[in-house]
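S.K.: Let me give you the structure first, and then I'll get to my questions.
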Amino acid sequence: LLPGHGSTWQELARTTWQDWYGQVRDAALDLSGEHGPIAVGGLSMGGALSLALAADPDLEGRIAALVLVNPGLTLPPAARLAPLLAPLVPTLPGIGSDIALEGAREEAYDRMPVRAVAELRRLFSRVRSELPAVRVPVLLATSTVDHTVPPSDSDLVAARVRSAVERLPMPRSHHLVTLDHDAGLLFDTSARFLDQHLHRPARSPA
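Given below as structure tokens:
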């Protein structure tokens, strides 16, 4: 889990985007050091963190491919006020369970700390500026209807990265595709994509 996630919104409010990125960066360094080049997948903010890994010069050659699902790169203009509002309005209503599939539900905080919104804005700004440094193949899954991240964020990724991008429309799902109608399509396509772009060492004869 990322710092501040899976605990309480108060804990999330005490973390920074550097804490989140540092966690995934350390994991990428450990895994790639042990196994060779790895693939990274991320949904929403996780997509932004995945892009940051692929753009990190210290990880050059360690990231072989990305699977991005409704990656977030922008926030509404009002998010600019988050640093000023945080001391006055500590939280906003949560944004979980943007799912079309009836009965499906996401485990999420019922409140979103405004301080975390400010950190997310800083992360997105940095990742947008680094997109041209991404040079690994990308599978980009995008929901037609997303109430959390605008589909235009995926268009931004496709337009600015300097690598091959395979677009995968998710016409029957909202933001959380992994819990929605198109989950099977996403998983099957991801498996095929990773088989294509991950070069595993040949097994020794038995």
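Positions 3 to 208 (the numbering used here) are the ones given, in order, by the sequence shown.
Note that beta-carbon positions come from the ideal geometry of N, C-alpha and C, so glycine has one too.
The model shown is predicted, which means the values in this text are computed figures rather than measured ones.
Counting pairs of beta carbons, one from the stretch 7-22 and one from the stretch 112-119, are three or more of them closer than 8 Å?
M.R.: Flag = yes, the stretch 7-22 and the stretch 112-119 touch.
S.K.: Check whether the stretch 127-140 touches the stretch 44-53, counting contact only when three or more Cβ pairs, one atom from each stretch, lie closer than 8 Å.
M.R.: Contact between the stretch 127-140 and the stretch 44-53 is present, because at least three Cβ pairs lie under 8 Å.
S.K.: Quick one, which of E62, T150, Y23 and A57 has its alpha-carbon nearest G38's?
M.R.: The sequence position of residue 38 within the sequence shown is 36, counting from 1. Among E62, T150, Y23 and A57, the Cα nearest to that of G38 belongs to E62.
S.K.: Taking only the alpha-carbon atoms, compute the straight-line gap between D184 and S145 and give it to the nearest angstrom.
M.R.: Locating residue 184 in the sequence shown gives position 182, where the first residue counts as 1. Locating residue 145 in the sequence shown gives position 143, where the first residue counts as 1. Cα to Cα, D184 sits roughly 9 Å from S145.
S.K.: With a Cβ-Cβ cutoff of 7 Å, do R137 and S165 count as a contact?
M.R.: To locate residue 137, count along the sequence shown from 1; it is residue 135. To locate residue 165, count along the sequence shown from 1; it is residue 163. For R137 and S165, yes; Cβs fall inside 7 Å.
S.K.: Measure the Cβ-Cβ separation of S154 and V69 and say whether it is below 7 Å.
M.R.: Residue mapping note: residue 154 aligns to position 152 of the sequence shown, counting from 1. Residue mapping note: residue 69 aligns to position 67 of the sequence shown, counting from 1. For S154 and V69, no; Cβs fall outside 7 Å.
S.K.: How long is the line joining the alpha carbons of A57 and A67, rounded to whole angstroms?
M.R.: Against the sequence shown, residue 57 aligns to sequence position 55. Against the sequence shown, residue 67 aligns to sequence position 65. Their backbone Cα atoms lie some 12 Å apart in a straight line.
S.K.: What number of angstroms, rounded off, separates the C-alpha of V163 from the C-alpha of L94?
M.R.: Working through the sequence shown from its first residue, we reach residue 163 at position 161. Working through the sequence shown from its first residue, we reach residue 94 at position 92. V163 and L94: Cα-Cα distance of roughly 33 Å.
S.K.: Taking the alpha-carbon positions, what's the G105 to S99 distance?
M.R.: For the purposes of this step, residue 105 is taken as the residue at position 103 of the sequence shown. For the purposes of this step, residue 99 is taken as the residue at position 97 of the sequence shown. Each residue's alpha carbon lies about 10 Å from the other.
S.K.: Would I241 and L55 qualify as a contact pair, given that the criterion is a beta-carbon distance under 7 Å?
M.R.: Not covered by the structure: residue 241. The range shown for the chain is 3 to 208.
S.K.: Could you compute how far the alpha carbon of L178 sits from the alpha carbon of G35?
M.R.: The residue you call residue 178 lines up with position 176 of the sequence shown. The residue you call residue 35 lines up with position 33 of the sequence shown. For L178 and G35, the distance between alpha carbons rounds to 31 Å.
S.K.: So what's L188 in DSSP terms, helix, strand or just coil?
M.R.: As a first step, residue 188 must be located in the sequence shown, where it is residue number 186. Looking at L188 - three-state DSSP - the assignment turns out to be helix.
S.K.: Can you look up E132 in the DSSP assignment and give me helix, strand or coil?
M.R.: On the sequence shown, residue 132 is found 130 positions in, with the first residue counted as 1. If DSSP states are grouped into helix, strand and coil, E132 belongs with the helices.
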